Amino acid sequence: MALEHLGSSLYEALKKVFRASIVDEATVKELVHDIQRALLQADVNVKLVLDMSKRIEERALKEKVPPGISRREHLIKVVYEELTRFLGEKPAQIKMDPGKKKVIMLVGIQGSGKTTATAKLARYFQKRGMKPALICTDTYRPGAYAQLQQLASRINVPIYGDLKTKDPAKIAFSGLHQFADKDIVLIDTAGRHKEEQELIKEMKMLEGNIKPDEVMLVIDGTIGQQAMVQAKAFNEATPIGSILVTKLDGSARGGGALSAVAATGAPIKFIGTGEKIEDIEQFIPSRFVGRLLGMGDLETLLEKVREAEIKVPEKKAKAILSGKFTLTDMYEQFEAMKGMGTFRKLLKMLPGMSYDIPEEMLNMAEDRLEKWRVMIQSMTPEERNNPKIFNASRVKRVSRGSGVTEKEVKELLKQYSTMRRMLKTLRRKKKLPFFGKGLPLDFK
Ligand SMILES: Nc1nc2c(ncn2[C@@H]2O[C@H](COP(=O)(O)OP(=O)(O)O)[C@@H](O)[C@H]2O)c(=O)[nH]1
Ligand SMILES: [Mg+2]
Numbered sequence: 000m001a002l003e004h005l006g007s008s009l010y011e012a013l014k015k016v017f018r019a020s021i022v023d024e025a026t027v028k029e030l031v032h033d034i035q036r037a038l039l040q041a042d043v044n045v046k047l048v049l050d051m052s053k054r055i056e057e058r059a060l061k062e063k064v065p066p067g068i069s070r071r072e073h074l075i076k077v078v079y080e081e082l083t084r085f086l087g088e089k090p091a092q093i094k095m096d097p098g099k100k101k102v103i104m105l106v107g108i109q110g111s112g113k114t115t116a117t118a119k120l121a122r123y124f125q126k127r128g129m130k131p132a133l134i135c136t137d138t139y140r141p142g143a144y145a146q147l148q149q150l151a152s153r154i155n156v157p158i159y160g161d162l163k164t165k166d167p168a169k170i171a172f173s174g175l176h177q178f179a180d181k182d183i184v185l186i187d188t189a190g191r192h193k194e195e196q197e198l199i200k201e202m203k204m205l206e207g208n209i210k211p212d213e214v215m216l217v218i219d220g221t222i223g224q225q226a227m228v229q230a231k232a233f234n235e236a237t238p239i240g241s242i243l244v245t246k247l248d249g250s251a252r253g254g255g256a257l258s259a260v261a262a263t264g265a266p267i268k269f270i271g272t273g274e275k276i277e278d279i280e281q282f283i284p285s286r287f288v289g290r291l292l293g294m295g296d297l298e299t300l301l302e303k304v305r306e307a308e309i310k311v312p313e314k315k316a317k318a319i320l321s322g323k324f325t326l327t328d329m330y331e332q333f334e335a336m337k338g339m340g341t342f343r344k345l346l347k348m349l350p351g352m353s354y355d356i357p358e359e360m361l362n363m364a365e366d367r368l369e370k371w372r373v374m375i376q377s378m379t380p381e382e383r384n385n386p387k388i389f390n391a392s393r394v395k396r397v398s399r400g401s402g403v404t405e406k407e408v409k410e411l412l413k414q415y416s417t418m419r420r421m422l423k424t425l426r427r428k429k430k431l432p433f434f435g436k437g438l439p440l441d442f443k
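Heads up: the sequence shown at position 360 corresponds to 359 in numbering that gives the first Met the number 0, and the numbers run straight through without jumps.
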């Protein structure tokens, strides 16, 4: 799924922020760069990309971080907000007046997905307890009525059509008359025009005749940035217009279409995400962004960041990097790994993403942690800070004091010196190193 691809590259970018040892200007710049690349790959307009990334950078670097949230959380929040703003701030709703029938007419060029969308919408409203009905006014394409009829029968929704007349307005009138008792009537139209101007003209003519409550333009999401032209013309031509962007499942250009439409200010109300009748959803920018990033809303996202964030004071991180690494530090690192369970779950939420934390590392951390805690507690502060002083009698004492074998104490000390050695070799790197097989040492 194309948008999923955009989502996973955006999430890859954020993951770096989750894992950076410190969040500084370089982190922000790298993130902005990664986001730019992800959006450009999804065919989003260059100017839009630059505008948005500039805003992210400015806000992340200049805004005062509110008390109670970390710089890291603030950065994620800024990204989330700017992505949401970029896709249109408020969700556009279909307003239903109780007791009053709603008539929605769907227009769009041939193949954009009108007929499918008509049935999808019927299903959408049916599921929400309303009584929908369909009218097919496509007298142009052979088989148009049969296509809609087939979809309608699958969801058990009544349909009106008339194969004997070529007059779409006449069909619509008869259908509306027949469906007087329905909550919502969806009118499918013929869309033979490749030309936007012609399409808009015909839409206006039909609209003038039928007088629907709402005209919904169906735009094929695979056309990428070109969607802008249609959305703009439409938005200018009709004050009661809304937009449904289809095929956001199959296209590498989905991000382009969506952002192009959003940029025109035309309200996107629904998106189509597959060929099946159920593959439709209301377009709620903030939720959509959350899903793109693999998380629900901003709060859930921040919660995840907090879970992933382990507070290792910067001073301490620096001390470790400069070569001071004690048993206490090591213990804290493994304690920190306990939080990895949630972090791992989070990473797995995005389909198609595999982030492999070796299973044995996690298990080891959890199983042994308790023992290590006891062993380290049985040590003197001097031993903890300078494990080099351990000799046979000290090992024996700790083993007795903590109820483990001497072998286990030695193992702990061996783990410690292995980690210490690794840290030494990685000392010059800016970020805190990884140990084991790709297990981050910390997430601060
Ligand atoms: N993958 C995918 N295909 C879609 C979607 N919406 C419509 N289609 C397909 O696009 C083609 C044209 O759809 P149709 O509804 O007949 O378009 P119309 O000519 O505008 O009425 C059909 O093969 C549909 O199955 C969508 O959201 N995702
Ligand atoms: Mg059709």
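Where is the CB? At the ideal position from N, CA and C, for every residue including glycine. Treat the numbers as computed from the prediction; the structure is a model and nothing was measured.
My guess is that residue i and residue j are in contact by the Cβ rule of under 8 Å, so how many angstroms apart are they, rounded?
i	j	result
Leu2	Leu368	So it is not a contact: roughly 40 Å between Cβ atoms.
Met215	Ser241	5 Å
Ala171	Val156	About 17 Å separates the two Cβ atoms, so there is no contact after all.
Thr188	Val77	Not confirmed; about 42 Å, so no contact.
Glu29	Lys14	Going by Cβ atoms, the distance from Glu29 to Lys14 rounds to 12 Å, so no, they are not a contact pair.
Gly236	Ile199	Strictly speaking, residue 236 in this sequence is Ala, with Gly absent from that position. About 5 Å; that satisfies the 8 Å criterion.
Ala91	Pro266	3 Å
Ala118	Leu162	Actually they are not in contact, since the Cβ atoms of Ala118 and Leu162 sit about 19 Å apart, beyond 8 Å.
Arg127	Glu277	Not a contact, Cβ separation roughly 13 Å.
Thinking C-alpha only, which one of the options is nearest residue i?
i	options	result
Leu257	Phe17, Gln92, Thr221	Thr221
Glu298	Val64, Val22, Ile68, Asn44	Ile68
Thr417	Leu326, Arg140, Ala391	Leu326
Ser377	Arg393, Ser401, Lys395	Ser401
Leu243	Glu81, Ala230, Tyr415, Lys387	Ala230
Arg191	Ile158, Ile183, Ser111, Val77	Ser111
Arg54	Ala41, Glu80, Val156	Glu80
Asp212	Glu194, Glu88, Asp137, Lys100	Lys100
Asn234	Lys203, Tyr139, Lys94, Thr245	Lys203
Lys370	Lys406, Glu382, Arg393	Lys406
Arg58	Val31, Lys130, Arg290	Val31
Phe124	Asn384, Asp182, Ile108	Asp182
Arg396	Ala259, Ala168, Lys413, Met374	Met374
Arg252	Asp42, Lys113, Glu201	Asp42
Phe324	Pro386, Thr379, Ile283, Arg399	Pro386
Gly273	Ala261, Asp219, Met227	Asp219
Glu470	Glu56, Ala261, Gln225	Lying before the first or after the last residue shown, residue 470 is absent from the chain, which here runs from 0 to 443.
Arg70	Arg36, Thr263, Ser20, Pro97	Ser20
Gln109	Tyr139, Thr404, Leu412, Ala262	Tyr139
Phe178	Pro66, Lys165, Tyr159	Tyr159
Just to confirm, are residue i and residue j a CB contact at a threshold of 9 Å?
i	j	result
Leu175	Ile154	no
Glu24	Leu49	no
Tyr10	Gly254	no
Leu86	Phe287	yes
Ile103	Ile186	yes
Ala151	Gly271	no
Leu74	Val27	yes
Leu47	Thr136	no
Thr245	Val217	yes
In the structure shown, what three-state DSSP assignment does residue i receive?
i	result
Pro97	coil
Asp212	coil
Leu368	helix
Val156	coil
Pro90	coil
Val311	Note that Val311 scores 48 on pLDDT, short of 50, meaning its location in the model is unreliable; the coordinates nonetheless yield the value given after this. Three-state DSSP puts Val311 in coil, outside helix and strand.
Pro65	coil
Lys268	strand
Ile276	coil
Asn390	coil
Met104	strand
Ala262	helix
Leu162	coil
Ala19	coil
Val403	coil
Ala25	helix
Ile34	helix
Lys347	For Lys347, the predicted structure reports a pLDDT of 40, less than 50, and the residue's modelled location is therefore unreliable. The matter cannot be settled from this model.
Ser241	strand
Gln281	strand
Asp50	helix
Pro141	coil
Leu198	helix
Gly6	helix
Ala132	strand
Could you tell me whether any Cβ in chain C is nearer than 9 Å to the Cβ of residue i?
i	result
Asn234	Absent from the structure: chain C. Only one protein chain is present.
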